[in-house]
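Please read the structure below before turning to the comments.
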Amino acid sequence: MAFGATGIASAGTMPSTGPTIAMTIHNTTGQDMILQGSDNPYGEWIHGPNAVLAPGASEIVTATNNDPRGIGVDVTYSLPGDAQAVFTANNYSNDTNTSGTRMTGRDGHFYSVYSTVDTGFPTMNAGYSIVMN
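The structure is reproduced here in structure tokens:
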């Protein structure tokens, strides 16, 4: 399945004091996605993930920190059964990527998650789409 660019997230005014991440997450599964956790260990959420991401809905999750070397975050949602979608964004001066984005759990094989990096360090914009197989 091909995955087109999601476009650059429009997250409003982002701070200019350090690296930022804007993650646009699209739920195209037809199932509610329930937030299981989010990790931003060295920064702060500007707009954290929603508790529930409804079928067909999208959200823009934004984060920042003051470390000039970069920032890394992840957001985990559960789906029916024991499937979990992990959305990862790494925005570092030497590498900007979505490595670590994946499906987990016994029922994870029923879904696929696709990601793109639209802009890199210091202002990362990434797009994610989760689909049923």
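Position one of the sequence shown corresponds to residue 1 (UniProt numbering), numbered consecutively onward. Every residue gets a Cβ at the ideal spot worked out from N, C-alpha and C, and that includes glycine. Since the model is a prediction, treat every value here as computed from it, not as a measurement.
Query - contact_flag[the stretch 50 to 58, the stretch 104 to 113] where n(CB pairs < 8 Å) is 3 or more - result: no
Query raised in the report: Counting along the chain, where does the beta strand (DSSP E) carrying Tyr42 start and finish?
Result: Unbroken run through Tyr42: none, as it is neither H nor E.
Report task. Counting only runs of 3+ residues fully inside the stretch 11 to 84, write out the beta strand (DSSP E) ranges in chain order. Result -> 20 to 27, 33 to 39, 44 to 47, 58 to 64 and 70 to 78
Query raised in the report: Looking at Thr96 and Gly127, is the spacing between their C-beta atoms short of 9 Å?
Result: Taking 9 Å as the Cβ cut-off, Gly127 and Thr96 do not qualify as a contacting pair.
Query raised in the report: Between Asn133 and the rest of its own chain, which residues show a CB-CB distance below 8 Å, the 5 nearest in sequence each way excluded?
Result: His109, Phe110, Tyr111 and Ser112
Query - Beta-ladder partner(s) of Ser115, from DSSP - result: Tyr128
Query raised in the report: When you compare each of Met14, Gly37, Thr24 and Ser129 to Asp74 by their alpha carbons, which one comes out closest?
Result: Gly37
Query raised in the report: Shortest alpha-carbon distance to Thr17 belongs to which of Ser129, Ile130 and Thr123?
Result: In terms of Cα proximity to Thr17, the closest of Ser129, Ile130 and Thr123 is Thr123.
Query raised in the report: Using the rule of at least 16 other Cβ atoms within 10 Å of the residue's Cβ for burial, across every protein chain shown, is Asn66 buried or exposed?
Result: exposed
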